[in-house]
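Just so we're aligned, residue 0 is where the sequence shown starts under numbering that gives the first Met the number 0, counting upward by one.
Using N, Cα and C, we set each Cβ at its ideal position, and we do this for glycine too.
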Amino acid sequence: MRITIDEAGIVDLASKEASWEEVLEYVIHEEGMDPWDIDVVKLADAFRTYVERLGTLDFKVPARLIIIAAALLHLKAEVLILEEEQKAAAAAQAGPPIDLSKIPELQVPVKRAPTRRVTLDELVGALEKAFRTQERRAGRIDRARERVEEVVGTEEQFDVMKKIDELFVRINDVVERLHSGTMPFSSLVPRWERKEIVQSLLGILHISNDGRVELQQEEPFKEIYVKIVEGNAREEKKSEEEHIDENEFVDVPDETPPQRKEEKPK
């Protein structure tokens, strides 16, 4: 399929920061499409080409144009899948006749079949709906992020590495007391409060990712058991024992008694 979009038009639209509706109308016009009878498959390819060329010309690609390109490609995929299914159904009908009276009636939900050709107004309406869906999804993500920050704290308030070090020291202490390499996660949480639980869980997940401990949970939402990986506790203790502060060295007096001077006889 030959795409007729030229660079001059792309530069002109990008320079005046045209709206997505103007870009859509431009692409439709450049491809010689009838606004009342738009080929979705052809438009999807043309719009993708526009976005790609916009990027190669070092222009910033607006997020909405990327969303439009993705939505059009999704519509294109639906249309092509439907056309393949229709071809397969037509080929099946060429076989021997089937007695439909023996087939039980199926209660399936009614689904609007995608159409290859739409009007410009229909297309703009569908894209506006896609934008609203995207904004709602982004809003849910932002609200979820805010709730996490309320519990865990911001990056300045919560030092992950500090929490990891505290947890690993606590794990070694519990191991020495229990004489076992496995302990419940709840025993590592200083206070059973939401903030402490979440921060401790983030820390223990980092430690597990480093391979220093293994996590086990028999059932969802039940107790998590932390198993220290063989060798980590001993190496931690050994490194502490081998570390000697230079300030601990003191001068030891020579234990050899001083020699007595021989006195000359008078």
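- For Thr48, no beta strand (DSSP E) encloses it; the enclosing alpha helix (DSSP H) starts and ends at 39-55.
- Glu213: member of the beta strand (DSSP E) spanning 212-215, first to last residue.
- Looking at the backbone, the Cα of Thr118 and that of Trp19 are separated by about 17 Å.
- Residue range 224-227 is occupied by the beta strand (DSSP E) that includes Ile227, with no alpha helix (DSSP H) assigned at that position.
- Distance from Phe167 to Arg211 at the Cβ level is roughly 7 Å; contact confirmed, criterion being Cβ atoms closer than 8 Å.
- Of all C-beta pairs linking the region 79-92 to the region 44-58, fewer than three are shorter than 8 Å, placing the two stretches out of contact.
- Arg190 sits in coil when the DSSP states are folded into three classes, being neither helix nor strand.
- Counting the other CB atoms within 10 Å of its CB gives Phe46 a total of 16 or more, which places it among the buried residues.
- Selection Glu29, Ile196, Ala70, Arg52 evaluated against Ala43 yields Ala70 as nearest (Cα-Cα).
- Taking the C-beta atoms as reference points, Gly202 is found nearer than 7 Å to Ile163.
- DSSP, read as helix, strand or coil, puts Val117 in strand.
- Between Val123 and Leu74, the gap from beta carbon to beta carbon reaches 7 Å or more.
- When secondary structure is reduced to three states using DSSP, Asp209 falls in the coil class, being assigned neither helix nor strand.
- Following the DSSP letters along the chain, one finds Pro183 inside the beta strand (DSSP E) bounded by residues 181-183.
- The straight-line gap separating the alpha-carbon atoms of Ile65 and Gly54 is approximately 11 Å.
- The beta carbon of Ser207 sits closer than 6 Å to the beta carbons of Leu214 from its chain, once the five residues preceding and following it are set aside; these are given in chain order.
- Checking the DSSP bridge columns, you'll see Asp36 partnered with Asp33.
- Between Ile227 and Gln216, the CB-CB gap reaches or exceeds 7 Å.
- Classified as exposed, Met160 has fewer than 16 neighbouring CB atoms from the shown chains inside 10 Å of its CB.
- Contact annotation, Val26 with Tyr49: C-beta distance approximately 6 Å; criterion of less than 8 Å satisfied.
- For the pair Asp11 and Arg52, the Cα-to-Cα distance works out to about 13 Å.
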